[in-house]
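Colleague: I have a structure here, written as structure tokens, and I will follow up with some questions on it.
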Amino acid sequence: MADYLVIVESPAKAKTIERYLGKKYEVKASMGHVRDLPKSQMGVDIENGYEPKYITIRGKGEVLKELRKSAKKAKKIYLAADPDREGEAIAWHLAHALNVDGDSDCRVVFNEITKDAIKESFKHPRSINHDLVDAQQARRILDRLVGYNISPLLWKKVKKGLSAGRVQSVALKMIIDREKEIENFKPEEYWSIEAVFEKEKEIFEGAFYGVGGKKQELKSEEDVKKIQQQMKGNSFLIDKVNKRERKRNPAKPFITSSLQQEAARKLNFRARKTMMVAQQLYEGIDLGRGAGGITGLITYMRTDSTRISETAKKEAKEYIESKYGNKYVGSQKDTANKQGAQDAHEAIRPTSALRDPRSLKDVLSNDQYRLYKLIWERFIASQMAPAIMDTVTVHLKNNEVEFRATGSQVKFSGFMKVYVEGTDDNKKVEDKLLPELEEGTVVTSKEINPNQHFTQPPPRFTEARLVRAMEELGIGRPSTYAPTLDTIQRRGYVSIDNKRFIPTELGTIVSEAVEEYFPEIIDVDFTASMEKDLDTIEEGKTEWVKVIDEFYQDFKKRLSFAEEEMEKIEIKDEPAGIDCEKCGHEMVYKLGRYGTFMACSNFPDCRNTKPILKEIGVDCPKCKEGNIVERKSKKRRVFYGCDRFPECDFVSWDKPIARPCPKCESLLVEKKVKKATQVQCTNCDYKEVEQS
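In UniProt numbering, the protein residues as written are 1 to 692.
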């Protein structure tokens, strides 16, 4: 019989930890929270100091029964939930359910699931941190007060099944505001002049800079013509050559938000998927008996701290030194975390720098391998020396008209030998070499090419961009980004096109209703301020009841006003212009969870519905009678099929185009190849040049 009972959240974590602790310890899983506020009611006693009413979560009765049975036999109970607010709250609820004294040394926390970390943490148990519990409880109650008051109002005034929440409403508003910026954007014309120069048969490129040493913008074709008239001949004097050396420092190791952003850029992972796979790597992977069995491969993945332990730094240094040489070892000093970051945590890093991703490829799934490789490379690179770049700027003059050519070369790769951070616009770090050019020499322009451009609107938010914007504005915390983005998608408030968020009509209606009557809920500064208040509760500086009450007193007044004044919003059905083929009544456009669709106006007598099909101007290559239309799968992935389905079953994940293959007359499609689009034949080896 085991002397000690250890309770964690998940069975995978339990299995890993039990192996490290030995036979005297029994490790059980609570499967997350065991108590929560009831779903069927508010569950908060507003008149009695906002006292929460907790109940056993449905389906957790058997889990609790098993835990109580084991608890009775144990000499000592340790609560080892995750090392954050949520984990502390889980431990607190378990203490209540199992009659454990929360002020005793019953709480054990660890940042990584490795043998040394686990054994060390059990040498230093502590009591439950009630400030952390209060901060989590305050967030939960705030969200309940908002959601369970505004949502029923939206059901009455707009449509059943809607919801509003503190953080999700702000995220939705950010997406809608960006869409308005795009709609209201007025493009402005501007021009550039590109040139191709030659020096002793060596070719290089440059661009117009200005006149008489002053930078000049080209706003019209007339401006371009004036510059062209001012130039004489095709000879350019190299007036100046500036050479300088610059350092490029590595990115810091991952925190939750930067991991989600980089996994979206480089792996095409959604935030939810990133956190799910990271959880698996944290809780433990079976490496095989000879390699240590079940082992946690990364540190805790919900963190906003970039701190790295001295042990991890030392191990990384040893690896870099042996693999690349001493000159590649960095001398990074710890930089300050952002205000409010939980410095008790570390950054997300591999539990061992010596565990090279290639050595784990056979024991990891493809997704696990790719994410682990990303985390490992980012960490190793963060401990490496800066890259050194040689940059050259050449000033070329023709009758006071100045062009400039720039080039750069990696002189010392440093951290770039392992990893280079991605960018949202997919720009690559590439060397652009210039020939050896000396001041006072003359080169010849082979081509002078004016180009017309128009300014572009700001881009729609991708998941990565939205997470970054939320983090910069102080909205939400590491554990909230993924569920927030998931909620606004599940509610049908946004759709995704080409990985970018587009607000739906339903999302816009809900957001505008909330903004009119509850402006503070949707206000970025207010939400960020509330996050800071929750941090002060965690730090023990503020009473949680005071924070809740200050919010609720004003919120209650707005709620009463909205219930009286908000008019019922009727979402009218717009005629679709076609009749129902089943009953002959008119088809209308309806607003559903995933956007607009067609339905029979004779509902409920006729339940005929149709998706709105987007034609792409291509005849069906299979039946020769139908048209190819854009459709969406159950998982909302775009594909292409014949509009005569099910009579014709032609489908393609790649977009067909309206011209035949010049080689074999078969169907051509646009295929995504390494973040670019390539036209290729579905029958032969014909391909066209990639288009970015």
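Where is the CB? At the ideal position from N, CA and C, for every residue including glycine.
Could you pull the start and end residues of the beta strand (DSSP E) that Y74 belongs to?
Modeller: In the sequence on display, residue 74 carries Ala and not Tyr. No beta strand (DSSP E) holds A74; DSSP gives it neither H nor E.
Colleague: Label C684 either buried or exposed according to how many other C-beta atoms from any shown protein chain fall within 10 Å of its C-beta, with 16 as the threshold for buried.
Modeller: It counts as exposed.
Colleague: Taking the straight line between their C-alpha atoms, what separation do you get for D3 and K24?
Modeller: Each residue's alpha carbon lies about 5 angstroms from the other.
Colleague: Can you grab the Cα-Cα spacing for the pair E9 / K72, in whole Å?
Modeller: Whole-angstrom Cα-Cα distance: 20 angstroms.
Colleague: Given that a residue counts as buried once 16 or more other Cβ atoms are within 10 Å of its Cβ, and exposed if not, what is E86?
Modeller: E86 should be labelled buried.
Colleague: List the residues that DSSP assigns as beta-bridge partners of D239.
Modeller: Answer by DSSP bridge pairing: none, since D239 is not bridged.
Colleague: Can you tell me the Cβ-Cβ gap for P386 and N249, rounded? I've got them flagged as a contact below 8 angstroms.
Modeller: Confirmed, about 5 angstroms.
Colleague: Just to confirm the assignment, what range does the beta strand (DSSP E) spanning F415 have?
Modeller: From DSSP, F415 is part of no beta strand (DSSP E); its letter is neither H nor E.
Colleague: With burial defined as no fewer than 16 other Cβ atoms inside 10 Å of the residue's Cβ, what is the status of A80: buried or exposed?
Modeller: So A80 counts as buried.
Colleague: Pick from A469, R631, T393, I488: whose alpha carbon is nearest that of E205?
Modeller: Ranking the options by Cα distance to E205, first place goes to T393.
Colleague: Give the DSSP bridge partners of V669, in chain order.
Modeller: In DSSP, V669 forms a bridge with P656, Q680.
Colleague: State the DSSP-derived secondary structure class of D134, mapped to helix, strand or coil.
Modeller: Of the three classes helix, strand and coil, the one that applies to D134 here is helix, per DSSP.
Colleague: Would you call V167 buried or exposed, if buried means 16 or more other Cβ atoms sit within 10 Å of its Cβ?
Modeller: Classification of V167: buried, given that the 10 Å Cβ count is 16 or more.
Colleague: Under 8 angstroms by Cβ, that's how I've got T455 and R500 pegged, so tell me the actual separation to the nearest angstrom.
Modeller: Contact flag wrong, Cβ pair sits at about 19 angstroms.
Colleague: What does a CB cutoff of less than 7 angstroms around V158 pick up in its chain, not counting 5 residues either side in sequence?
Modeller: Same-chain partners within the cutoff: I509, V510, A513, I569.
Colleague: Beta strand (DSSP E) containing M566: first to last residue?
Modeller: No beta strand (DSSP E) contains M566, which DSSP labels as neither H nor E.
Colleague: Determine, for S70, whether the minimum Cβ-Cβ distance to residues of chain C falls below 8 angstroms.
Modeller: Among the chains of the structure shown, chain C does not appear; only one protein chain is present.
Colleague: Within the continuous alpha helix (DSSP H) that includes D535, where are the two ends?
Modeller: Where D535 is concerned, the enclosing alpha helix (DSSP H) stretches over 524-538.
Colleague: Provide the residue span of the beta strand (DSSP E) that contains K446, from first to last.
Modeller: Taken as a continuous stretch (DSSP letters only), the beta strand (DSSP E) holding K446 covers 442-454.
Colleague: Taking DSSP as the reference, what is the three-state secondary structure of G59?
Modeller: Reduced to three states, the DSSP call for G59 is coil.
Colleague: If we call anything under 8 angstroms between Cβ atoms a contact, is L162 one with L172?
Modeller: Taking 8 angstroms as the Cβ cut-off, L162 and L172 do not qualify as a contacting pair.
Colleague: For Q342, which of helix, strand or coil comes out of DSSP?
Modeller: With a pLDDT of 48 at Q342, under the threshold of 50, the modelled position of that residue is not reliable, and no figure is offered here.
Colleague: DSSP three-state call for Y517: helix, strand or coil?
Modeller: Helix.
Colleague: May I ask you to verify whether the segment 131-142 touches the segment 526-541, counting CB pairs closer than 8 angstroms and requiring at least 3?
Modeller: Touching, yes, given that three or more Cβ pairs across the two stretches are closer than 8 angstroms.
Colleague: Beta strand (DSSP E) containing H585: first to last residue?
Modeller: Per DSSP, H585 belongs to no beta strand (DSSP E) and is neither H nor E.
Colleague: One question on the structure: do P125 and V100 come within less than 8 angstroms of each other, judged by their Cβ atoms?
Modeller: In this structure, V100 does not lie closer than 8 angstroms to P125 by Cβ.
Colleague: DSSP beta-bridge partners for K215?
Modeller: Its beta-bridge partners are G210.
Colleague: Would you list, in sequence order, the uninterrupted alpha helix (DSSP H) runs of no fewer than 4 residues that lie entirely inside the segment 100-183?
Modeller: Counting only runs of 4 or more, we get 115-121, 130-157.
Colleague: Taking Cβ positions, are L433 and K199 nearer each other than 8 angstroms?
Modeller: No, these two residues do not count as a Cβ contact at 8 angstroms.
Colleague: Less than 8 angstroms separating the beta-carbons of V524 and L485?
Modeller: Contact: no.
Colleague: Starting from S382, trace the beta strand (DSSP E) both ways and give me its first and last residue.
Modeller: Here S382 belongs to no beta strand (DSSP E); instead the alpha helix (DSSP H) covers 366-382.
Colleague: Once DSSP output is grouped into helix, strand and coil, what is the label at F254?
Modeller: F254: strand per DSSP, three-state reduction.
Colleague: Would you check if the distance between the CB atom of F254 and the CB atom of L396 is smaller than 8 angstroms?
Modeller: No. Outside cutoff.
Colleague: Determine the DSSP secondary structure at V547, reduced to helix, strand or coil.
Modeller: V547: helix per DSSP, three-state reduction.
Colleague: Tell me whether the beta-carbon of P656 lies closer than 8 angstroms to the beta-carbon of V673.
Modeller: Against a cut-off of 8 angstroms, the Cβ pair of V673 and P656 comes out as no contact.
Colleague: With a threshold of 8 angstroms on Cβ separation, who are the neighbours of E664 within its own chain once the five nearest residues in sequence on each side are excluded?
Modeller: Just to set this straight, residue 664 is Cys in the shown sequence, not Glu. So the list reads C681, N683, C684, Y686, once near-sequence residues are dropped.
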